[in-house]
Amino acid sequence: MPDRPNPAEALDGITADALALHRALRTHATDHAHELAARITDAQVLTGACLRLFLDLTPHTQRTTSAGLPLLDRVAHIVKAAQDAGAELTAALARAVENQRRRADATSKPVVLIGPSPQQFIESATDLLDRIPALYHAIHRDQLMPPTPGAHQPH
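Counting from 3, one number per residue, gives the positions in the sequence shown under the working numbering.
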């Protein structure tokens, strides 16, 4: 099994992946169930990476004073943002399929669609993904984790 990247490299990768998912949601048509399912999978992979980072950091920060807790707090918020974005995308998928079913069932009457549209759920997911780079920059700004040597920080 290959070694895991150090925490700073893992955080760099998580932030880059969040930005890539954000771009994909903004630039690709996500009105098809297949495309939404692929983005949900991306969000789940992102969440898994965030949780692994949290687990990797936990043993180190529990043995220290409260100085390590701000880092764990920020990483926990990164985990939550990734997981919530995945949940919003899943809600978009469910709503898109429900709307498709309603349209197929309607014979001659206009279709009444209720609740938020799939696009509104997708917008919510992109807003949540926006939090990850902000938390990344806050971690480095507050010097909670040293930057990866020679690495270009995601924007």
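For each residue, glycine too, the CB sits at the ideal point set by N, CA and C.
By Cβ distance below 6 angstroms, which residues in the same chain neighbour residue i in space, the five residues on each side in sequence not counted?
{"i": "residue 26", "result": "none"}
{"i": "residue 101", "result": "115"}
{"i": "residue 104", "result": "113"}
{"i": "residue 127", "result": "87, 90, 91"}
{"i": "residue 111", "result": "none"}
Comparing alpha-carbon positions, which option in the options lies nearest residue i?
{"i": "residue 50", "options": "28, 81, 116, 17", "result": "81"}
{"i": "residue 23", "options": "36, 44, 100", "result": "44"}
{"i": "residue 12", "options": "38, 132, 57, 115", "result": "57"}
{"i": "residue 48", "options": "147, 102, 118, 130", "result": "130"}
{"i": "residue 78", "options": "95, 111, 133, 97", "result": "133"}
{"i": "residue 2", "options": "145, 147, 135", "result": "As shown, the chain starts at 3 and ends at 157. That puts residue 2 outside it, with no answer to give."}
{"i": "residue 35", "options": "109, 106, 96", "result": "96"}
{"i": "residue 73", "options": "84, 83, 59", "result": "59"}
{"i": "residue 121", "options": "106, 15, 93, 8", "result": "93"}
{"i": "residue 17", "options": "6, 84, 119", "result": "84"}
{"i": "residue 123", "options": "9, 28, 61", "result": "28"}
If I follow the unbroken alpha helix (DSSP H) through residue i, where does it start and stop?
{"i": "residue 17", "result": "9-29"}
{"i": "residue 88", "result": "71-107"}
{"i": "residue 115", "result": "Counting along the chain, residue 115 falls outside any alpha helix (DSSP H), and DSSP gives it neither H nor E."}
{"i": "residue 142", "result": "120-143"}
Does the ligand COA have a heavy atom nearer than 7 angstroms to the CB of residue i?
{"i": "residue 117", "result": "Looking at this structure, you won't find the ligand COA or any other ligand, since it has none at all."}
Using C-beta distances below 8 angstroms, list every residue in its chain close to residue i, excluding the 5 sequence neighbours before and after it, in chain order.
{"i": "residue 76", "result": "137, 140, 141, 146"}
{"i": "residue 117", "result": "97"}
Flag this pair as touching only if the region 134-141 and the region 33-43 have three or more C-beta atom pairs under 8 angstroms; answer yes or no. Using a C-beta cut-off of 8 angstroms, the region 134-141 makes no contact with the region 33-43, since fewer than three inter-stretch Cβ pairs fall below that distance.
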